[in-house]
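Participant: Numbering (our numbering), first residue to last: -13 to 357. Pasting in a structure now, in structure tokens, and then I'll have a few things to ask.
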Amino acid sequence: MQNAQLALKVSLPVAKHPGHPKINLLQKPFFPYLTTSTYSMNKYLSVLALVLCCSYSCTSGVTKNEIFRNNKIDPKVKTALSELNKQVFNYISDNNYDALNKMFTDSLRDQMRPEFYQKFMPQIQHVIKGHEYKLSDEFYIRTAKHPDSADLAGGDGENAYTMKLKTVENETFISMLVAGDTVNEVMITIFYSKINGNWKVANIKGEDYSLCGKNAIELNNYAMQLEKKGDLIDAFNIVTLMGHCLRPGGSMFRYKMEDEIKIFTDSLIRKTNARFALPYEVKELASKPKVVNIHMEVMDRAFVPMIMYQSSIWVNDTVTLKKENDEMKQKIGSVFQGIDKNNKTILYRAYNELPDGKNSPPYYGFVQKIN
């Protein structure tokens, strides 16, 4: 699902899972910190449906499929792959494609497209450079035959998830690394195949893991708290962020709570759209400006709401325009319940002519700092 973009030319999906009704309330802008929907390596590689592709094979002697997770993995294997993880992470952090390319399987190297090193790597580097990674999960898979499939289970409690993938070699290793800061963390999932006795990188995925210091489950829980208080706009904004983090391991990854999340999200979308149909006339003000878009933006390394509205006051008349905005600031909490309680900063942008993705009409911006 994809929404029209009012302010910017780039639009991203609000949520990664299918089945949502069309959202006509809060259009989603492009976040410079978000890497998922636009620059997932998986989008650009025509690798076998769900993972690994290689033309070589070996005989493992395994008579049945075996899956080992974390401390159940053979220490020697774990140590060897830990060193490879450091290399992969450092090469991406340094945007060193030439070095990373040498670690690829022949199949991956042959299918590589320019978008990977032109877009994916710089975007991931922007988030992880200068940060250490933490190991979220790792799996060692030994299969009796190939190709084969494997069903993985990881995470704990509410964060439990499953992954379904195809393996092409007898030995496969998956490392899930998380790195970033309080604004944005990404999960880099590295798939290795053992070919002729050597571990090679068979695929890499990079997806958003957390925003505002919260992963998808935590963001969903926070949105539910806001919704219960009646703070629909903030709840909706948090849900749009949550959608970016819902599949941190790529399309094969699925939180066990995803169905519950979808039910809540669908309900919130319907309720919010029914309450605040856009353009929304702010009747609390005599000039009756019309709110046309609300979304989250990054300011001072934090996500803050941006309220875009159409004013009947000429944007060049900054004195009168400021008076209108000052009144809006005073009453914004009664217009959109809770928005002045849940946020330390609110951004405003006043237009006369509205942007449509093709034009660039003038606007005037305001910032509201809340103690």
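We put the CB at the ideal spot given by N, CA and C, even for glycine.
How is residue 356 classed by DSSP in three states: helix, strand or coil?
Facilitator: In this structure, residue 356 counts as coil in the three-state DSSP scheme.
Participant: Sorted by chain position, which residues of the same chain lie with C-beta nearer than 8 Å to residue 328's C-beta, five sequence neighbours on each side aside?
Facilitator: Answer for residue 328: 212, 217 and 220, listed in chain order.
Participant: I need the boundaries of the alpha helix (DSSP H) containing residue 104, first residue and last residue.
Facilitator: Taken as a continuous stretch (DSSP letters only), residue 104 belongs to no alpha helix (DSSP H), as it is neither H nor E.
Participant: Three or more C-beta pairs closer than 8 Å, one from the region 158 to 166 and one from the region 122 to 139: is that the case here?
Facilitator: Because the criterion of three Cβ pairs below 8 Å is met, the region 158 to 166 and the region 122 to 139 touch.
Participant: Taking residue 304 and residue 350 to be in contact with their CB atoms under 8 Å, please state how far apart those CB atoms are, rounded to whole angstroms.
Facilitator: So it is a contact: roughly 6 Å between Cβ atoms.
Participant: Across the region 50 to 59 and the region 164 to 176, are there enough close Cβ pairs to call them in contact, namely three or more that are closer than 8 Å?
Facilitator: They do not touch, by the three-pair rule.
Participant: Look up residue 290 in the DSSP assignment and say whether it is helix, strand or coil.
Facilitator: If DSSP states are grouped into helix, strand and coil, residue 290 belongs with the strands.
Participant: Starting from residue 189, follow the beta strand (DSSP E) in both directions and report where the run begins and ends.
Facilitator: From DSSP, the beta strand (DSSP E) with residue 189 extends over 184 to 197.
Participant: Please classify residue 129 as buried or exposed, where buried requires at least 16 neighbouring CB atoms within 10 angstroms.
Facilitator: By the neighbour-count rule (16 or more Cβ atoms within 10 Å), residue 129 is buried.
Participant: Comparing C-alpha positions only, which one of 190, 140, 150 and 183 sits nearest to residue 55?
Facilitator: Nearest option by C-alpha distance: 140.
Participant: Tell me which same chain residues have a C-beta within less than 7 Å of the C-beta of residue 270, skipping the five on either side of it?
Facilitator: Around residue 270: 317, 320 and 321.
Participant: How about residue 262 and residue 311: are their beta carbons less than 7 Å apart?
Facilitator: The answer is no: Cβ separation not under 7 Å.
Participant: Excluding five sequence neighbours on each side, which residues of the same chain lie with their C-beta closer than 8 Å to the C-beta of residue 7?
Facilitator: In this predicted model, residue 7 has a pLDDT of only 28, less than 50, meaning its place in the structure is not dependable; the value taken from the coordinates is given anyway. Cβ neighbours of residue 7 beyond the five flanking positions: 252, 255 and 256.
Participant: Am I right that residue 202 and residue 241 are in contact with their C-beta atoms under 8 Å? What's the rounded C-beta distance?
Facilitator: With a Cβ gap of about 6 Å, residue 202 and residue 241 count as contacting.
Participant: What do you get for residue 194, buried or exposed, if any count of 16 or more other CB atoms within 10 angstroms of its CB means buried?
Facilitator: By the neighbour-count rule (16 or more Cβ atoms within 10 Å), residue 194 is buried.
Participant: Using beta-carbon positions only, say whether residue 331 and residue 290 come within less than 7 Å of one another.
Facilitator: It is a contact, given that the beta carbons lie within the stated cut-off.
Participant: Classify residue 104: buried if its beta carbon has 16 or more other beta carbons within 10 angstroms, exposed otherwise.
Facilitator: Looking at its Cβ environment, which holds fewer than 16 other Cβ atoms inside 10 Å, residue 104 is exposed.
Participant: Under the rule that 16 or more other beta-carbon atoms within 10 Å means buried, what is residue 206, buried or exposed?
Facilitator: Under this definition residue 206 is a buried residue.
Participant: What number of angstroms, rounded off, separates the C-alpha of residue 166 from the C-alpha of residue 60?
Facilitator: Taking the straight line joining both Cα atoms gives about 29 Å.
Participant: Can residue 136 and residue 121 be called in contact, C-beta distance under 7 Å?
Facilitator: Their beta carbons are not under 7 Å apart, which means residue 136 does not touch residue 121 by this criterion.
Participant: Residue 358 to residue 306, Cα distance in whole Å?
Facilitator: Here the chain comprises residues numbered -13 to 357, so residue 358 is not present and cannot be evaluated.
Participant: Taking the beta carbon of residue 236 as the centre, do at least 16 other beta carbons fall within 10 Å, making it buried, or is it exposed?
Facilitator: Classification for residue 236: buried.
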